[in-house]
Amino acid sequence: MSTDLHALPVRSVSGVTPAKAKELEALGIDSVARLLEYYPFRYEDYRIRDLTGVKDGEKITIQGKIYSEPSVQMYGRTKSRMTCKVYADPLFISTVWFNRHFMKDKLKAGQEIVLTGKWDGRRLQLTVAESEFPGGSSSQSGTLQPVYSITGGITQKWMRKTVHQALTQFGALVAEAIPAEIADKYDFMARKQAVYRIHHPDDVEEGKKARRRLVYEELFFFQLKLQAFRAIQRKRADGVAHVFDNEDVRQFVRSLPFKLTDSQKKVIAEILHDLKEPYCMNRLLQGDVGAGKTVVAAAALFATVKAGCQGALMVPTEILAEQHKRSLERLFEPYGIQVGLLTGSLTDRQRRDTINSLHMGLIDVVVGTHALIQDDVLFRKLGLVVTDEQHRFGVNQRSVLRRKGMNPDVLTMTATPIPRTLAITAFGDLDVSTLRELPKGRKPIKTYSVEHDKLERVVGFIRREVASGRQAYVICPLIEESDKLDVQNAIDVHAQMSHAFPEFRVGLLHGRMHPQEKDEVMRAFKDNEVQVLVSTTVIEVGVDVPNATMMVIYDAVRFGLSQLHQLRGRVGRGEHQSYCILIADPKNETAKERLKVMTETNDGFEIARRDLELRGPGDFFGTKQSGLPEFKLADMMSDFEVMEMARDDTAELVAKPGFWTSAETLPLREFLHREQILDGEQLD
Ligand code: ADP
Ligand code: MG
1 MSTDLHALPV RSVSGVTPAK AKELEALGID SVARLLEYYP FRYEDYRIRD LTGVKDGEKI
61 TIQGKIYSEP SVQMYGRTKS RMTCKVYADP LFISTVWFNR HFMKDKLKAG QEIVLTGKWD
121 GRRLQLTVAE SEFPGGSSSQ SGTLQPVYSI TGGITQKWMR KTVHQALTQF GALVAEAIPA
181 EIADKYDFMA RKQAVYRIHH PDDVEEGKKA RRRLVYEELF FFQLKLQAFR AIQRKRADGV
241 AHVFDNEDVR QFVRSLPFKL TDSQKKVIAE ILHDLKEPYC MNRLLQGDVG AGKTVVAAAA
301 LFATVKAGCQ GALMVPTEIL AEQHKRSLER LFEPYGIQVG LLTGSLTDRQ RRDTINSLHM
361 GLIDVVVGTH ALIQDDVLFR KLGLVVTDEQ HRFGVNQRSV LRRKGMNPDV LTMTATPIPR
421 TLAITAFGDL DVSTLRELPK GRKPIKTYSV EHDKLERVVG FIRREVASGR QAYVICPLIE
481 ESDKLDVQNA IDVHAQMSHA FPEFRVGLLH GRMHPQEKDE VMRAFKDNEV QVLVSTTVIE
541 VGVDVPNATM MVIYDAVRFG LSQLHQLRGR VGRGEHQSYC ILIADPKNET AKERLKVMTE
601 TNDGFEIARR DLELRGPGDF FGTKQSGLPE FKLADMMSDF EVMEMARDDT AELVAKPGFW
661 TSAETLPLRE FLHREQILDG EQLD
């Protein structure tokens, strides 16, 4: 849209009084451009039809001739019912008008009239909602009329008139926005035409075509930001170019207690390649629970240390930090690589020591929570940050590091597989690596869903498993938004389970315990000193105890599918057959459907896809992590294909050297400046 129309106040449209301008402003319409871009969300069909084939209850518009004088019945002073015979070729029909007796005198026999209303085929009767005499100047009959989302004192009719007026006055000034070659490629109509046609299409098809053109444009600018950001990152080349010998990494991989899957090998190769390049890596690693992301991170950290840099692994919980620290220590020990831990629960003294060691370069790899990126934490030379199982490492965190003079490569790992449809939107600025297979020999987890009255049998099941040497998790009922009640539940269930299993040790884990206590419980569970672990969802992510084969989840319908899948992923990590029991009394079809999905498949990508279907994109990530953009016109699910087109086109565009210099693309670069992509590193 040309800047002119953005600068033009909406009062410039005739008929928009200062009072109306205020009301428009409440809808976010403060300029002529905004008014023209206030697209309808559907159309009302006023095209005149004949009555053949019209279904009962359908809303239609017909044209006919008034055949008889109307007759009116009054109910009180304002309510009325008026009937009138109309000849609508080839039928005589009766029309019913409620509370319109004031029109009585206008309805003269022989008069042509256009009527819109609901058709009752059995009675040959139309209940009139709107009427119009043909040939009037503001006639809407015979057309598709736009329906806008409106509030307050603005009526649909006024809005239609005003947008139409704006199109008449300023429509000719609507400027092109996307490059001509792209518009040509897809045979898009001119922007001017699209803006007109989306408000006033001749038919539904044309409305769709106009919409598609404008959706593309919206997604084009969205993707242009992401792709330009990526291109700039690469061009800037101010990241760390890690120098190491691939052979050293290969040797490390050979020393692992298992053979890597092909997926793991491929992904490690992608990461090593990025590490060597001078640009800043910004890569997302996605893989199902248990796919083996940790060793991929380990290989990347190993290469980083070989290149003389330090690495950091950032995780969401202290339990995970401890666990990762221990496993990295085990893997790195033969190579003399020093692993440190930095969490919120260190004593001041421990914390100071760790920070000093980091600064002096005595620690090569540090594992920690968010405590890692606090202000007083300085590295000697930070080369790689890996974040595990949490929302992405945001631009803000990046700039915290940058301010400290560090510009490390970043690898983000997630076990919530993201359906392609969302990934392209939510992670369009990242390179994505995917672990597509699980390590060989895993037995699929058997999942059952039972109602609460079967608890006895579940207890018997747990007893059998634990008696044969295995261990069990019991996840407690989730009370929405009440950490306190969750804890109480866990305490209750713990008492119940302790009572049921006098012969086993039953542990308890919840978010209000001291970090040291939590660690101690996790360690005891890992060493099989505790056989049954009752827990709130604090164990949800990342915990790895291969001897645990039972996952019992109370109130399973309260959890999202991805979360259930995460929880279930705590078992099935070793050689033994594992089980997941979902205890729930589903109250509705969606709940049943969700449980069914869980019992039917172990495939995280499939579950994510179904989850997205059931919950929609807004809820998919949960509110906090969503970070999904809001589009004016585009729908990220149904317009996915257009999003892909826009991504490919913009990627191609910014890859051409000419894009950064030519006069033709100047408006696009100006847009990037306005969005602060070109000058800074702001994104989000
Ligand atoms: P996640 O991807 O969920 O983080 P982990 O990295 O915790 O998975 O790995 C799950 C388990 O699988 C760990 O016990 C790990 O040692 C093991 N593992 C990883 N890769 C392989 C492999 N290629 N073959 C066999 N076991 C593996
Ligand atoms: Mg993990």
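In this text, residue positions in the sequence shown follow the UniProt record's numbering: the first is 1, and each later residue adds one. No residue lacks a Cβ here, since even glycine has one placed at the ideal position from N, Cα and C.
Asked, Found
"How close, in whole Å, do the beta carbons of R123 and P146 come, if the pair is a contact with beta carbons under 8 angstroms?", "Not really, about 32 angstroms apart at Cβ, beyond 8 angstroms."
"Measure from the alpha carbon of E529 to the alpha carbon of each residue in T536, V506, G239, then state which is nearest.", "V506"
"Which runs of the alpha helix (DSSP H), 4 residues or longer, sit entirely within the stretch 236 to 269?", "246 to 254"
"To which residues of the same chain is E451 closer than 6 angstroms at the C-beta, ignoring the five residues directly before and after it?", "D585"
"State the Cα-Cα distance for the pair Q251 and D375, rounded to the nearest angstrom.", "36 angstroms"
"Give a yes or no on whether the C-beta atoms belonging to V466 and V552 are separated by under 8 angstroms.", "no"
"Would you mind giving the Cβ-Cβ distance between L8 and L36, rounded to the nearest angstrom? I have them listed as a contact below 8 angstroms.", "Rounded, the Cβ-Cβ distance is 10 angstroms, inconsistent with contact."
"Roughly how many angstroms separate the alpha carbons of R326 and I29, rounded to a whole number?", "57 angstroms"
"Ordered along the chain, which non-local residues of its own chain (more than five positions away) have a Cβ less than 8 angstroms from that of I424?", "F640, M643, E644, R647"
"In whole angstroms, give me the CA-to-CA distance for P546 and Q310.", "30 angstroms"
"In terms of alpha-carbon separation, which member of F379, L144, L362, A88 lies closest to Y43?", "L144"
"With a cut-off of 8 angstroms, do at least 3 Cβ pairs link the stretch 238 to 249 to the stretch 296 to 310?", "yes"
"Could you check where the alpha helix (DSSP H) with G460 kicks off and where it finishes?", "455 to 467"
"Spatial neighbours of N356 within its chain, please: C-beta separation below 6 angstroms, excluding the five flanking residues on both sides.", "none"
"I'd like to confirm the pairing. Which residues does DSSP put opposite M82 in its beta bridges?", "V72, W97"
"The alpha helix (DSSP H) that contains Y196, what's its start and end?", "191 to 199"
"By Cβ distance, which residues of its chain are closer than 8 angstroms to E329, with the 5 residues on each side in sequence left out?", "V339"
"For T665, name the three-state secondary structure that DSSP assigns.", "coil"
"Consider the C-beta atom of L320 and the heavy atoms of ligand 1; say whether any pair is separated by less than 7 angstroms.", "no"
"Given a cut-off of 8 angstroms, decide if T127 and V96 are closer than it, judged by their beta-carbon atoms.", "yes"
"Hey, is D603 close to ligand 1, as in C-beta under 7 angstroms from one of its heavy atoms?", "no"
"Among Q63, T78, R77, which one has its Cα closest to the Cα of P90?", "Q63"
"Is R250 a contact residue of ligand 1, with contact defined as CB to any heavy atom under 7 angstroms?", "no"
"With 16 other CB atoms within 10 Å as the buried threshold, where does P18 fall?", "exposed"
"Could you please give the first and the last residue of the uninterrupted beta strand (DSSP E) stretch that includes E132?", "125 to 132"
"Taking Cβ positions, are K443 and S345 nearer each other than 8 angstroms?", "no"
"Assuming M314 contacts L372 under a Cβ cut-off of 8 angstroms, what Cβ separation, rounded to an integer in Å, is found between them?", "5 angstroms"
"Would you say the beta carbon of D262 comes nearer than 7 angstroms to a heavy atom of ligand 1?", "no"
"Looking only at C-alpha atoms, which of I150, V365, H359 sits nearest to G336?", "V365"
"Report the residue from P419, A426, A190, R49 whose alpha carbon sits nearest the alpha carbon of L115.", "R49"
"Is the separation between the beta-carbon of G121 and that of V54 shorter than 8 angstroms?", "yes"
"Do R573 and ligand 1 come close, with the Cβ less than 7 angstroms from some heavy atom?", "yes"
"Taking 7 angstroms as the cut-off, does the CB of P408 come closer than this to any heavy atom belonging to ligand 1?", "no"
"Using a Cβ-Cβ cutoff of less than 7 angstroms, which residues in the same chain neighbour L678 once the five nearest sequence positions on both sides are dropped?", "R669, L672"
"Does the Cβ of A291 lie closer than 7 angstroms to at least one heavy atom of ligand 1?", "yes"
"Look at the alpha carbon of V16 and the alpha carbon of F631, and state the distance between them as a whole number of angstroms.", "27 angstroms"
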